[in-house]
Amino acid sequence: MAKHKKSNWLLPQDDSGASGKEETAEQSADAETTEAPDASAADSTEHADLPAAENVPDSPASDASAESAEPSETVDSSEPAEPSEPAEPSEPADPAAVTDTPVESAETDTAKTEAPESPEEAGISGTTAEVDRIFAGDGADTPSEEEPAEDAEEYDDGDDYDDYDEIEAREKDRRRRRRKHRRRKKGRGLSCSLVLLTLIICSAVVLSVVILTVVKEIYGIEKDVNERNIRIPSGATTTDIAEQLQRENIISLPTMFRLISRMNGMDGSYIAGEHVISPSMSYQAMINELCKNHEEDREYVRVTFREGITLLDAARILQENEVCQADAFIWAFNAGGYGFNFENYLTGSSSLKFYRMEGYCFPDTYDFYVNEDPNIVAQKIYENFDSKISAAYYTRMQELGMSLDEVVTLASIVQAEAPYSEEMRKVSSVFHNRLLNSAVFTKLQSDPTRKYVEDVIRPNQQIQNTLMQEAYNTYEGTGLPPGAINNPGKAAIEAVLYPADTNYYFFVANVDTRVTYYATTNEEHEANIAKVKQEQAEAAAAQND
Numbered sequence: 311m312a313k314h315k316k317s318n319w320l321l322p323q324d325d326s327g328a329s330g331k332e333e334t335a336e337q338s339a340d341a342e343t344t345e346a347p348d349a350s351a352a353d354s355t356e357h358a359d360l361p362a363a364e365n366v367p368d369s370p371a372s373d374a375s376a377e378s379a380e381p382s383e384t385v386d387s388s389e390p391a392e393p394s395e396p397a398e399p400s401e402p403a404d405p406a407a408v409t410d411t412p413v414e415s416a417e418t419d420t421a422k423t424e425a426p427e428s429p430e431e432a433g434i435s436g437t438t439a440e441v442d443r444i445f446a447g448d449g450a451d452t453p454s455e456e457e458p459a460e461d462a463e464e465y466d467d468g469d470d471y472d473d474y475d476e477i478e479a480r481e482k483d484r485r486r487r488r489r490k491h492r493r494r495k496k497g498r499g500l501s502c503s504l505v506l507l508t509l510i511i512c513s514a515v516v517l518s519v520v521i522l523t524v525v526k527e528i529y530g531i532e533k534d535v536n537e538r539n540i541r542i543p544s545g546a547t548t549t550d551i552a553e554q555l556q557r558e559n560i561i562s563l564p565t566m567f568r569l570i571s572r573m574n575g576m577d578g579s580y581i582a583g584e585h586v587i588s589p590s591m592s593y594q595a596m597i598n599e600l601c602k603n604h605e606e607d608r609e610y611v612r613v614t615f616r617e618g619i620t621l622l623d624a625a626r627i628l629q630e631n632e633v634c635q636a637d638a639f640i641w642a643f644n645a646g647g648y649g650f651n652f653e654n655y656l657t658g659s660s661s662l663k664f665y666r667m668e669g670y671c672f673p674d675t676y677d678f679y680v681n682e683d684p685n686i687v688a689q690k691i692y693e694n695f696d697s698k699i700s701a702a703y704y705t706r707m708q709e710l711g712m713s714l715d716e717v718v719t720l721a722s723i724v725q726a727e728a729p730y731s732e733e734m735r736k737v738s739s740v741f742h743n744r745l746l747n748s749a750v751f752t753k754l755q756s757d758p759t760r761k762y763v764e765d766v767i768r769p770n771q772q773i774q775n776t777l778m779q780e781a782y783n784t785y786e787g788t789g790l791p792p793g794a795i796n797n798p799g800k801a802a803i804e805a806v807l808y809p810a811d812t813n814y815y816f817f818v819a820n821v822d823t824r825v826t827y828y829a830t831t832n833e834e835h836e837a838n839i840a841k842v843k844q845e846q847a848e849a850a851a852a853q854n855d
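Take any residue in the sequence shown, count from 1 to its spot, add 310: that is its number in this note's numbering.
If you want it as structure tokens, here you go:
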């Protein structure tokens, strides 16, 4: 609805009196006493029903263009209007002399017409106040208290639209949150399903792996095929045997072994003694083998290896007793790898070493079966050596800063040099003192090392290796030889681990009398050598007489 500003215009009185109607005295009085609407009330007054466009004056500009009317002076609505000509006191003022001229909306471009002189000509009925209210402009910015302006109504309508938009926005937001919640809930449900499915699959895979591992273990699938020599002690129970097999890395499920033994009624049927089994055998086959008495159907022989015997001599003894072939035994013994504890302490073998496991054929008496597997023979000897080297020995090796191979090598030299165990600790002290003072005594100078080169290495080398021969000969090579020169006994090994506390650097032995002389200096040593020669000469002279 168009809005118009209110303006008061002072119109000149019509001289011709062509107003068409005379006002009554009461109406004249009302017109004189009627004042312009209060500015505060006219500020926001809206007119709902305007007269036709051709009968309503739009602005003072249209009055100025009229031919029959003279323009009046514009007065401020807040001050009394002064007429351009003084009015006659006897004649009442025309009620139409002061009119309000509404301003038509800027959107309307129609022609302007002359303002009516009276409300009756404009076709409007009602009191003067109503007329003023109808034709009042909306020059004020705020509506009156009595009648709210259209702007306020439009503002209220806008608030209603804003409220609707806000409600709709909140509803959309709720729907969006609802959809998001449903998607999140659906996603959580899907995630839980995936987690559950993953757990089921993983459990099935783990269970399958466990079952497959147990089956492979029970039936010996993909296990070591090498045979092992097992000695069952007298009075051993099924639990004892299962634990022994586990310690020797033949089985890994002792509980399953006991269960199978009980299910087959084999408890208490095991035979004490030696048995040959393989990790690749099934648990049932192992049980059957351990319950057999092989001493009744197999011939065995007893073989003794003396202290200081070489590996070559031990192989020959085995062959002579029909246990196994010498070459096959030497190959199996040097191959090793049977899983005994002492094998874990062996360092890398030197390329100058003649026999890799020379020194580990422990001197003792053994019972072997005739036509025994060379691997079983080697394992029996390995087992015996492993049982002789205690944990205290390994601790002492660390204190001396020596490896197992160095201890065995030095023990083989001591075994060859000292005929009696009483002398072994003094002989060992001489070699220890020389090794600790290697800057002065660069060579051990032991005669048995030179003899080993002459009797063992050279005759058994198809291609002579001079570097190896010099390394073994302690008169030519420095320090310890690459490997042992024989297989020492327990006394020689202990003499190396616990040598006597001396300051000797020399010794010489009379092989006839088996007396050993020790010296600290080379001069003393030369005197001892002369003394031994004299003793030997006297013994020879006495023998000739």
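All C-beta atoms in this analysis are idealised placements derived from N, C-alpha and C, irrespective of residue type, glycine included. In this text, all values refer to a predicted model and were calculated from it rather than measured experimentally.
Since residue i and residue j are thought to touch, with beta carbons under 8 Å apart, how far apart are those beta carbons, to the nearest angstrom?
{"i": "V633", "j": "V611", "result": "6 Å"}
{"i": "G669", "j": "G793", "result": "7 Å"}
{"i": "E537", "j": "S588", "result": "5 Å"}
{"i": "I570", "j": "I597", "result": "7 Å"}
{"i": "Y593", "j": "F567", "result": "5 Å"}
{"i": "Y785", "j": "K753", "result": "6 Å"}
{"i": "Y676", "j": "K690", "result": "6 Å"}
{"i": "G787", "j": "E780", "result": "5 Å"}
{"i": "Y679", "j": "R626", "result": "No, Y679 and R626 are not in contact; Cβ-Cβ is about 19 Å, not under 8 Å."}
{"i": "Y808", "j": "R735", "result": "7 Å"}
{"i": "F650", "j": "M778", "result": "27 Å between Cβ atoms; not a contact."}
State the DSSP-derived secondary structure class of residue i, mapped to helix, strand or coil.
{"i": "A749", "result": "coil"}
{"i": "F816", "result": "strand"}
{"i": "N797", "result": "strand"}
{"i": "I686", "result": "helix"}
{"i": "A829", "result": "strand"}
{"i": "Y474", "result": "helix"}
{"i": "F678", "result": "strand"}
{"i": "M596", "result": "helix"}
{"i": "L790", "result": "coil"}
{"i": "F672", "result": "coil"}
{"i": "V821", "result": "coil"}
{"i": "S590", "result": "coil"}
{"i": "S700", "result": "coil"}
{"i": "N694", "result": "helix"}
{"i": "I561", "result": "coil"}
{"i": "D483", "result": "helix"}
{"i": "A802", "result": "helix"}
{"i": "M667", "result": "coil"}
{"i": "S350", "result": "Confidence at S350 is low in this model, with a pLDDT of 40, below 50, so its placement is unreliable and the value that follows should be read with caution. In the structure shown, S350 sits in a helix (DSSP, three-state: H, G or I)."}
Mind checking which residues open and close the alpha helix (DSSP H) that includes residue i?
{"i": "I839", "result": "832–854"}
{"i": "F567", "result": "564–573"}
Leaving out five residues before and five after residue i in sequence, what residues of the same chain have Cβ atoms less than 7 Å from its Cβ?
{"i": "A726", "result": "G618, P758, I795, N796"}
{"i": "V535", "result": "S588, S590"}
{"i": "F695", "result": "F652, Y670, F672"}
{"i": "N747", "result": "none"}
{"i": "V806", "result": "V717, L720, A721, V724, S738"}
{"i": "E845", "result": "N820, T823"}
{"i": "A850", "result": "none"}
{"i": "G799", "result": "E617, P673, Q725"}
Sorted by chain position, which residues of the same chain lie with C-beta nearer than 6 Å to residue i's C-beta, five sequence neighbours on each side aside?
{"i": "E764", "result": "none"}
{"i": "N743", "result": "Y815"}
{"i": "M591", "result": "G530"}
{"i": "P684", "result": "C634, A638, F639, A642"}
{"i": "T418", "result": "Per-residue confidence for T418 stands at a pLDDT of 41, beneath the threshold of 50, marking its modelled position as unreliable; the derived number appears in the next sentence. Within the same chain, T418 has no close Cβ partners at all."}
{"i": "L563", "result": "E527"}
{"i": "D577", "result": "T548, S571"}
{"i": "V842", "result": "V818, N820"}
Along the beta strand (DSSP E) that carries residue i, what are the first and last residues, could you check?
{"i": "G583", "result": "583–587"}
Leaving aside the five residues before and after residue i along the sequence, list all residues of the same chain whose C-beta is less than 8 Å from its C-beta, in chain order.
{"i": "M667", "result": "L621, F643, N644, G646"}
{"i": "Q774", "result": "R768"}
Mind listing, in chain order, the continuous alpha helix (DSSP H) runs of no fewer than 4 residues lying wholly within the segment 704–787? Correct list: 714–727, 731–746, 757–762, 776–782.
Where in the segment 491–554 do unbroken runs of the beta strand (DSSP E), each at least 3 residues long, occur, reported from the N-terminal end onward? Complete beta strand (DSSP E) runs here, min 3: 538–542.
Within the segment 598–665, ranges of the alpha helix (DSSP H) (whole runs, at least 4 residues): Whole alpha helix (DSSP H) segments, 4+ residues: 621–630, 636–645.
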